[in-house]
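In the numbering used here, the protein residues as written are 32 to 385.
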């Protein structure tokens, strides 16, 4: 017989009622529940859990949700001040919603505007050196070289012809000298144009590389400025509810942070199971949670078993001094999270079936 039933009678007659009748009545109530009888309060003796058949019944509470965090200012400013707090306690937040704005936002915004202007100038410069105008300059120099090559070939032919004429005509000596001089000048001009073309192409590559680097640097500076601007805004990292606001308009950011928020859709129930029974509990075990003041059990399952034993001083109604209980926290996830009130610390009773 379960302990939840057996403690109902301790003698043959209770208040004039036969013990057998009391036992049968308790068993009927237990069967109506689908398992051992359990209540909001623990059995006499101050124990936090009771074993009824194979089930473990323990005190529990709605505890900290899986996602709960305190928001802090992440700015590089040594002593950040709060310009504006945009939320109140109990307010529901959406992910990335602004919770507070810091006082250095105006300065950070100005830095972003300057960085945006520098990026525009760098992009215009890169566009100019990558545009067709500079390519046209190179093409013009290439055309100049083609003309110089033609000129060089022409003067070479003329010099050769003058040399042939000189063999038959003494009067042609002066003409030959002139043609040779013209050929030498054409050759020199050609070499100069070729060197200029090489230098022009190298300068164009250098100018384009420098412009690209300056553009990349301007982009990086803008990204850094925007990141610094973002640090002046304290945002909610996930959908949540504001539990506590620590900051106020015009105040310094204290070590307690800006606000504490929690995703109350991820609440868990924590059952305090005696260490002697904890070894029987496994992750995945069926668990039913009864809220204080409710008669409806909420089905769920065990999701975590703590790896440490907590020593708790629990009041024992039959003892002169508090009992020293060794408890293991067992986390239970209720199937219907919406059925849990969003109140951390709300008392429950949990029945776990190992």
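Note that the Cβ used here is the ideal one computed from N, Cα and C, for glycine as well.
Cut-off 6 Å between Cβ atoms - residues of its own chain near residue i, not counting five sequence neighbours on either side
i, result
"residue 314", "333"
"residue 291", "101, 274, 275"
"residue 220", "179"
"residue 99", "293"
"residue 62", "With a pLDDT of 43 at residue 62, under the threshold of 50, the predicted position of this residue should be treated as unreliable, and no value is reported."
"residue 335", "362"
"residue 122", "273"
"residue 366", "330, 331"
"residue 256", "142, 143, 146"
"residue 281", "none"
"residue 360", "301, 337"
"residue 309", "359"
"residue 343", "356, 358"
Contact belief for residue i with residue j at Cβ below 8 Å, rounded distance in angstroms
i, j, result
"residue 114", "residue 133", "6 Å"
"residue 146", "residue 264", "About 18 Å separates the two Cβ atoms, so there is no contact after all."
"residue 239", "residue 161", "6 Å"
"residue 375", "residue 87", "No, residue 375 and residue 87 are not in contact; Cβ-Cβ is about 24 Å, not under 8 Å."
"residue 228", "residue 172", "5 Å"
"residue 340", "residue 358", "7 Å"
"residue 154", "residue 231", "Going by Cβ atoms, the distance from residue 154 to residue 231 rounds to 24 Å, so no, they are not a contact pair."
Bridge-paired residues (DSSP) for residue i
i, result
"residue 222", "Answer is none; residue 222 lacks a bridge partner."
"residue 341", "358"
"residue 317", "332, 384"
"residue 91", "302, 379"
"residue 364", "332"
"residue 101", "291"
"residue 115", "132"
"residue 230", "BP columns for residue 230 are empty, so no partner."
"residue 235", "In DSSP, residue 235 forms no bridge with anything."
"residue 123", "272"
"residue 322", "379"
Test: residue i CB closer than 8 Å to a CB of chain C
i, result
"residue 333", "Reference to chain C is not applicable here, since this structure consists of a single protein chain."
8 Å Cβ shell around residue i - same chain, five flanking residues per side excluded
i, result
"residue 295", "96, 271, 272, 373"
"residue 283", "110, 111, 112, 113"
"residue 278", "113, 116, 131, 284, 285, 288, 289, 290"
"residue 243", "157"
"residue 241", "none"
"residue 368", "296, 297, 298"
"residue 306", "340, 357, 358, 359"
"residue 311", "87, 385"
"residue 185", "217"
"residue 85", "384, 385"
"residue 181", "none"
Beta-carbon contacts of residue i that lie in its chain and below 7 Å, excluding the five residues immediately before and after
i, result
"residue 316", "332, 333, 383, 384, 385"
"residue 225", "176"
"residue 266", "127, 128, 129, 130"
"residue 370", "329"
"residue 118", "124, 130, 273, 276, 290"
"residue 364", "299, 331, 332, 334"
Contact test: residue i Cβ vs the ligand ZN heavy atom, cutoff 7 Å
i, result
"residue 112", "Of ligands this structure carries none, so the ligand ZN is not represented either."
Within the stretch 130 to 194, ranges of the alpha helix (DSSP H) (whole runs, at least 4 residues)
136 to 161
Entirely enclosed beta strand (DSSP E) segments - the stretch 251 to 307, minimum 3 residues | 264 to 266, 271 to 276, 290 to 293, 299 to 305
- Query: Using 8 Å as the Cβ pair cut-off and three pairs as the minimum, do the stretch 142 to 162 and the stretch 295 to 313 touch?
  - Reply: no
Check whether the stretch 320 to 336 and the stretch 121 to 141 touch, using three or more Cβ-Cβ pairs below 8 Å as the test.
no
Within 8 Å, do at least three Cβ pairs link the stretch 90 to 106 to the stretch 280 to 300? yes
Are three or more beta carbon pairs between the stretch 264 to 273 and the stretch 242 to 254 nearer than 8 Å? no
Does the contact criterion of 3 or more C-beta pairs under 8 Å hold for the stretch 317 to 324 versus the stretch 373 to 382? yes
Can you find at least 3 beta carbon pairs, one from the stretch 256 to 265 and one from the stretch 140 to 147, that sit closer than 8 Å? yes
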